[in-house]
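Participant:
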Amino acid sequence: MANEVQNLLKGEFSRLPLAEKIIIKSLGRPIPNINLTQADKSTKAGCFKRHFKKDIYNKNKWICGCGTLNALFCFPCLLFYSDAAEKTWTRTGFKDLKHINQKISKHENSARHMICSTELALLGTASIAAQLDSAYRQNIIKHNEQVDKNRYLLKRIINCIKFCGKLELALRGHDESEDSENRGIFRELINFTSELDTILKEHLKSATLFKGTSKTVQNEILDSMLEVCQQEIRQQINAAEFLAIQCDETTDISHHCQMVMIFRYLHEGEIQERFWRFLSVTDKTAEGLAKCIEEELGPLLKDSPNKLIAQTYDGANVMSGSSGGVQTKISERSFYTLLRSPTELNYAESSQPKSKSKSVFFKPVGNSKFLLQLHAQMRFIGKNS
Ligand SMILES: [Zn+2]
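In the UniProt record's numbering, the protein residues as written are 1 to 385.
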């Protein structure tokens with residue numbers, strides 16, 4: 001079996017398996033006799049004909065020919081050059097015998113021809129990495145393009161969630177069905193955004209597997225956003241000199257008991273109050289609540305437990321009781337406590353040692369409303385989650 005230009009023109013060489021490519025290379029270029037003549041009427045001597053001579057193959061090791069099309073081709077470019085703009089040596093064939101020397105010289109000095117010749121020379125001899133065929137490379141490129149697109153879409157969805165969080169808007173609507181007039185803030189915001197963003201619009205129309213608007217995805221995005229915030233808070237607490245906690249337990253809309261935890265610390269001279277997370281509480285006794293808090297504090301304060309200089313709770317006996325409340329239990333174990341309620345923060349400053357950072361530390365600040373809202377009221381709970 002020998003290579004034929006017509007067969008090579010039919011198949012896409014780049015998509016062939018490596019083994020087949022190597023076979024084609026080993027078979028070599030087709031160099032048939034070509035019935036090609038060209039009349040030249042421009043000479044004074046009158047009309048004469050140029051004929052194809054086979055020694056052109058010997059002089060130019062890259063030229064091949066097609067006996068059916070009666071034309072010449074470049075073997076390396078025929079195999080490796082995919083640009084449709086350069087057709088003469090790769091698709092239609094060269095027939096211009098009058099200008100053949102100039103055209104040969106021009107082509108063999110072109111950058112693209114040199115690259116194709118190198119690729120052909122390396123085929124089957126280079127390392128495995130170099131042999132990754134272009135079909136495989138194309139797949140990688142396509143995959144990366146899809147990843148870029150998915151990231152773009154996810155960013156749009158995250159921005160919509162952030163928007164709702166900033167304005168304290170609940171994500172869910174009471175009726176999110178297709179024909180509902182009010183599908184909830186998040187769905188309506190996504191629809192509105194898609195009117196301004198054709199990529200998002202196309203995605204919402206055509207996606208069957210992952211639209212990004214389900215309640216599960218919303219919950220996962222909220223959890224991921226909280227995790228990112230917690231990483232930052234963790235780093236800041238590690239660098240902080242002091243730490244205070246504020247905790248309160250409550251029952252949510254689906255009657256689950258949970259405790260909210262807020263950290264207070266100094267970061268770059270500024271007081272920070274950060275919502276940490278909601279702790280799921282099963283044991284509502286002082287012992288159970290204290291254990292719950294310690295599980296959160298433990299990893300944060302493992303190297304410096306004395307960093308905790310204040311804990312504040314509401315006035316309920318189970319939290320602040322002096323004989324067995326959460327506050328006492330936390331104090332007894334590894335930390336020492338200073339305060340019993342948030343209001344005590346106001347006069348705590350005067351009772352503290354004369355330390356500049358401590359005096360800043362006990363100054364009143366704003367609340368942690370935004371993050372609290374983001375994770376609590378927007379997150380779907382109970383049966384609907
Ligand atoms: Zn070429």
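For every residue, glycine included, the Cβ atom is placed at its ideal position computed from N, Cα and C.
Who are the Cβ neighbours of Leu16 in its own chain at under 6 angstroms, not counting the five residues just before and after it?
Facilitator: Position 16 of the sequence shown, counted from the first residue, corresponds to residue 16. So no residue of the chain qualifies.
Participant: Are Lys25 and Gly124 close, meaning C-beta to C-beta below 8 angstroms?
Facilitator: Along the sequence shown, read from residue 1 onward, the residue named residue 25 stands at position 25. Along the sequence shown, read from residue 1 onward, the residue named residue 124 stands at position 124. Closer than 8 angstroms, so yes.
Participant: Does the beta-carbon of Pro30, which I'm using as the reference point, lie nearer than 7 angstroms to any heavy atom of ligand 1?
Facilitator: Start at 1 with the first residue of the sequence shown, and residue 30 comes out as number 30. No, ligand 1 has no heavy atom inside 7 angstroms of this Cβ.
Participant: Going by CA-CA distance only, name the one from Val260, Ile245 and Glu4 that's closest to Gln327.
Facilitator: The residue given as residue 327 occupies position 327 in the sequence shown. If we check each option's Cα against that of Gln327, Ile245 comes out closest.
Participant: For the beta strand (DSSP E) containing residue 388, name the first residue and the last one.
Facilitator: It is not possible to answer for residue 388, since the shown part of the chain is limited to 1 through 385.
Participant: If you measure between the beta carbons of Cys247 and Met261, is that distance less than 8 angstroms?
Facilitator: For this step, residue 247 is matched to residue 247 along the sequence shown. For this step, residue 261 is matched to residue 261 along the sequence shown. Yes, the pair counts as a contact, with Cβ atoms nearer than the cut-off.
Participant: Check each candidate in Gln218, Phe275, Leu196 and Leu301 and name the one with the smallest Cα separation from Ala239.
Facilitator: For the purposes of this step, residue 239 is taken as residue 239 along the sequence shown, with counting starting at 1. Answer by Cα proximity: Leu301.
Participant: Taking all protein chains shown into account, do 16 or more other C-beta atoms lie within 10 angstroms of the C-beta of Asn7, making it buried, or fewer, making it exposed?
Facilitator: Against the sequence shown, residue 7 aligns to sequence position 7. Result: exposed.
Participant: Tell me the DSSP secondary structure of Val260 in three-state form.
Facilitator: One-based indexing of the sequence shown puts residue 260 at position 260. Secondary structure at Val260: strand, using DSSP grouped into helix, strand and coil.
Participant: Please determine, among Gly65, Leu167, Glu249 and Gln272, the residue with the shortest C-alpha to C-alpha distance to Asn35.
Facilitator: Within the sequence shown, residue 35 is the residue found at index 35, counting from 1. Per the Cα distances, Gly65.
Participant: So what does DSSP say about Ile31, is it helix, strand or coil?
Facilitator: As a working mapping, residue 31 is identified with position 31 in the sequence shown. Note: Ile31 maps to coil in three-state DSSP.
Participant: Buried or exposed: Ala19, going by 16 or more other Cβ atoms within 10 Å of its Cβ?
Facilitator: By 1-based counting over the sequence shown, the position of residue 19 is 19. Exposed: under 16 other Cβ atoms inside 10 Å.
Participant: Assuming Arg112 is part of the alpha helix (DSSP H), what are its boundary residues?
Facilitator: For the purposes of this step, residue 112 is taken as residue 112 along the sequence shown, with counting starting at 1. Per DSSP, Arg112 belongs to the alpha helix (DSSP H) from Ala111 to Leu122.
Participant: Taking the continuous alpha helix (DSSP H) assigned at Ala290, which residues delimit it?
Facilitator: To locate residue 290, count along the sequence shown from 1; it is residue 290. Per DSSP, Ala290 belongs to the alpha helix (DSSP H) from Ala286 to Leu300.
Participant: Check whether the segment 207 to 226 touches the segment 251 to 266, counting contact only when three or more Cβ pairs, one atom from each stretch, lie closer than 8 angstroms.
Facilitator: no
Participant: For the segment 159 to 190, which segments carrying the beta strand (DSSP E) assignment without a break, of at least 3 residues, lie completely within its bounds, in sequence order?
Facilitator: Listed in chain order, there is nothing to give.
Participant: Starting from Leu308, trace the beta strand (DSSP E) in both directions and tell me its first and last residue.
Facilitator: For the purposes of this step, residue 308 is taken as residue 308 along the sequence shown, with counting starting at 1. Unbroken beta strand (DSSP E) run through Leu308: Leu308 to Thr312.
Participant: Suppose you measure from the CA of Gln230 to the CA of Ile237; what does that come to, to the nearest Å?
Facilitator: Translated into positions along the sequence shown, residue 230 becomes position 230. Translated into positions along the sequence shown, residue 237 becomes position 237. Note on geometry: alpha-carbon atoms of Gln230 and Ile237 lie some 10 angstroms from one another.
Participant: Please state whether the Cβ-Cβ distance between Leu153 and Leu78 is less than 8 angstroms.
Facilitator: Residue 153 sits at position 153 when you count from the first residue of the sequence shown. Residue 78 sits at position 78 when you count from the first residue of the sequence shown. No. Outside cutoff.
Participant: With which residues is Thr250 paired in a DSSP beta bridge?
Facilitator: Here residue 250 refers to the residue found at position 250 when the sequence shown is read from its first residue. In DSSP, Thr250 forms a bridge with Gln258.
Participant: Return helix, strand or coil for Ser280, following the three-state DSSP convention.
Facilitator: Indexing the sequence shown from 1 puts residue 280 at position 280. In the structure shown, Ser280 sits in a strand (DSSP, three-state: E or B).
Participant: Put Phe73 into one of helix, strand or coil per three-state DSSP.
Facilitator: One-based indexing of the sequence shown puts residue 73 at position 73. In the structure shown, Phe73 sits in a strand (DSSP, three-state: E or B).
Participant: Going by beta carbon distance, what residues of the same chain come within less than 8 angstroms of residue 410, once the five residues before and after it are set aside?
Facilitator: It is not possible to answer for residue 410, since the shown part of the chain is limited to 1 through 385.
Participant: Taking the alpha carbon of Lys162 as the point to measure from, which residue in Val5, Leu189 and His99 has its own alpha carbon closest?
Facilitator: Translated into positions along the sequence shown, residue 162 becomes position 162. The shortest C-alpha separation from Lys162 is found at Leu189.
Participant: With a 10 Å radius around its C-beta and 16 neighbouring C-beta atoms as the bar for buried, classify Gly212 as buried or exposed.
Facilitator: Indexing the sequence shown from 1 puts residue 212 at position 212. Result: buried.
Participant: Quick one: residues in its chain with C-beta nearer than 8 angstroms to the C-beta of Arg234, no 5 flanking neighbours on either side, listed in chain order?
Facilitator: Locating residue 234 in the sequence shown gives position 234, where the first residue counts as 1. Excluding residues within five positions, the ones whose Cβ falls inside 8 angstroms are Leu300.
Participant: Does DSSP put Ala207 in a helix, in a strand, or in coil?
Facilitator: What you label residue 207 is simply residue 207 of the sequence shown in a count that begins at 1. If DSSP states are grouped into helix, strand and coil, Ala207 belongs with coil.
Participant: With DSSP run on the structure shown, which of helix, strand or coil describes Phe13?
Facilitator: For this step, residue 13 is matched to residue 13 along the sequence shown. Helix.
Participant: Residues in its own chain within less than 8 angstroms of Lys284 by CB, not counting five upstream and five downstream?
Facilitator: Taking the first residue of the sequence shown as position 1, residue 284 is located at position 284. Correct list, in chain order: Glu249, Cys257 and Val318.
Participant: Count Cβ pairs between the segment 45 to 59 and the segment 93 to 104 that sit closer than 8 angstroms; are there 3 or more?
Facilitator: Yes, the segment 45 to 59 is in contact with the segment 93 to 104.
Participant: Under a three-way DSSP split, which group does Glu273 fall into?
Facilitator: Position 273 of the sequence shown, counted from the start, is the residue given in the question as residue 273. In this structure, Glu273 counts as strand in the three-state DSSP scheme.
Participant: Straight-line CA distance for residue 389 to Glu241?
Facilitator: Since the displayed the chain opens at 1 and closes at 385, residue 389 lies outside it and no answer follows.
Participant: Any heavy atom of ligand 1 inside 7 angstroms of the beta-carbon of Cys77?
Facilitator: By one-based count along the sequence shown, residue 77 stands at place 77. Yes.
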